[in-house]
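Heads up, the thing below is written out as structure tokens.
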């Protein structure tokens, strides 16, 4: 394989849920495309790298020019609820469903001994201060229903503490064991969110 093509395939293969075969098909499609799609993709990637950054409050990706993201700026979302999620795709899933109109807190992953992910790698330390500052009354966990997700949930609860004056809850029925939010349909997600249980 041409070294430049091989380098490109390896970069795509590093993306989540994209293996070497899929990466190869993507690269071939881009290189053989005659519509300028590859140049458009390169320009879009360069523009995003220069102008997109995590919100300093919740972690949602937003324009660097803005001090905070659209959710943190929206006063109507200051309803006393924060949903703790693993990553941005979970925010998009909840927003698409329209079942939650509060604010988010993206951890940026979950605790994992196998992957070597520790609390220092996640956006956890800022949460207790944020809860006090924003008068949060309920922290809703929408983490994957896995061992890592539950471990992360319990750790976050211990950091926030039971004396913080908040209620902790998690999504209820409808989320299968080992399931991720972005695999659920809107109806199932709505049932799980509406039937969340207090921890």
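In the working numbering, the protein residues as written are 1 to 199. Beta carbons: idealized from backbone N, C-alpha and C, even for Gly. On a predicted model such as this, the values are computed, not experimentally measured, just so you know.
Segment contact: the segment 54-70 against the segment 152-159, fewer than three CB-CB distances shorter than 8 Å; contact not assigned. Annotated three-state conformation of residue 74 is coil, per DSSP. Here residue 74 has no same chain residue with a Cβ atom under 7 Å from its own Cβ, once five neighbours each way along the sequence are excluded. Along the length of the segment 126-163, whole beta strand (DSSP E) runs at least 3 residues long occupy 138-141, reported in chain order. Each of 81, 23, 42 was checked against the Cα of residue 100, and the nearest Cα belongs to 81.
Residue 127 is positioned such that its CB atom lies closer than 9 Å to that of residue 159. Boundaries around residue 47 are those of the alpha helix (DSSP H), 37-51, since no beta strand (DSSP E) includes it. The continuous stretches of beta strand (DSSP E) do not include residue 20, which lies in the alpha helix (DSSP H) extending over residues 20-32. Secondary structure at residue 54: strand, using DSSP grouped into helix, strand and coil. With respect to residue 193, residue 142 sits close: the two C-beta atoms are nearer than 9 Å. Pairing residue 7 with residue 25, the inter-Cα distance amounts to about 14 Å. A Cβ-Cβ distance of about 5 Å is found for the pair residue 109 and residue 117, placing them in contact under the 8 Å criterion.
A straight line joining the alpha-carbon of residue 87 with that of residue 34 spans about 35 Å.
A residue is called buried once 16 or more other Cβ atoms fall within 10 Å of its Cβ, and residue 39, having fewer, is exposed.
Between residue 136 and the set 111, 78, 95, 112, the nearest pair of CA atoms involves 78.
Secondary structure note for residue 167: its beta strand (DSSP E) is the uninterrupted segment 167-170. For residue 11, the enclosing alpha helix (DSSP H) starts and ends at 3-13. When C-alpha distances from residue 107 are compared across 124, 76, 68, 12, the shortest belongs to 124. Apart from the 5 residues on each side of it in sequence, residue 68 sits with its Cβ closer than 6 Å to the Cβ of 55, 57 in its chain, given in chain order. Between residue 30 and residue 41, the C-beta gap is smaller than 9 Å, which places the two residues in contact.
Secondary structure note for residue 62: its beta strand (DSSP E) is the uninterrupted segment 61-63.
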